[in-house]
Amino acid sequence: MRDTMSHEHDIPHGHDSKVQYEHALVEHDSWFRHDPTQEGHHQEAHGQTKPMVIIAFLFGTLALVIFVGLLAMQFLKAETRDIKRTVQERNVVYVKDYRESTARWEARLKGYEWIDANAGRVSVPIAQAKQKVIAQYAKGAK
Numbered sequence: 008m009r010d011t012m013s014h015e016h017d018i019p020h021g022h023d024s025k026v027q028y029e030h031a032l033v034e035h036d037s038w039f040r041h042d043p044t045q046e047g048h049h050q051e052a053h054g055q056t057k058p059m060v061i062i063a064f065l066f067g068t069l070a071l072v073i074f075v076g077l078l079a080m081q082f083l084k085a086e087t088r089d090i091k092r093t094v095q096e097r098n099v100v101y102v103k104d105y106r107e108s109t110a111r112w113e114a115r116l117k118g119y120e121w122i123d124a125n126a127g128r129v130s131v132p133i134a135q136a137k138q139k140v141i142a143q144y145a146k147g148a149k
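Below is the structure:
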């Protein structure tokens, strides 16, 4: 059974016949194999490189990378300085709060204070409370 497609499978799209396709390939490839004298004037851009342009580009790129790196370092130093300042300010507040709390706790441990005046309960200094408990145990042990 014959394929009912509108073109042959070995002829690429855009060409009516295999001969036209092969002719198009020869025309396309002939430009790459042409004689430079047929161009009329010599074209310098056919593969000639300019090393100074390449070196200038590389140095320019290197300078840009260094510049961006220095900017990033300055930004990070400024941010670090701000963070250190904030931490120090917080530490001052925390240390002040800690010292105030410690002073209150020490005052309560070393001083007298009414716990419940109606019930006659009093907080006594910790050192005296320890001695009183030891004395009570000593009387009970004898």
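8 is the number of the first residue of the sequence shown in the numbering used here; add one for each residue after it. All C-beta atoms, glycine included, are put in the ideal place defined by N, C-alpha and C. For clarity, every value in this text was computed on a predicted model and none was experimentally measured.
Judged by their CB atoms, V131 and Y144 are not nearer to each other than the 8 Å cut-off. Cβ-Cβ separation between I141 and L116: approximately 17 Å, too far for a contact (criterion under 8 Å). For V129, the three-state secondary structure derived from DSSP is strand. Linking L71 to R97 through their CA atoms gives a straight-line distance of about 39 Å. Annotation: the continuous beta strand (DSSP E) that includes D123 extends over 120–123. CA-to-CA, the gap between I73 and T109 works out to about 52 Å. Take V75, set aside five residues on each side of it, and no residue of its chain has a beta-carbon closer than 8 Å to its own. Straight-line measurement puts the Cα of V100 at about 30 Å from the Cα of M80. For K117, the enclosing alpha helix (DSSP H) begins and ends at 58–117.
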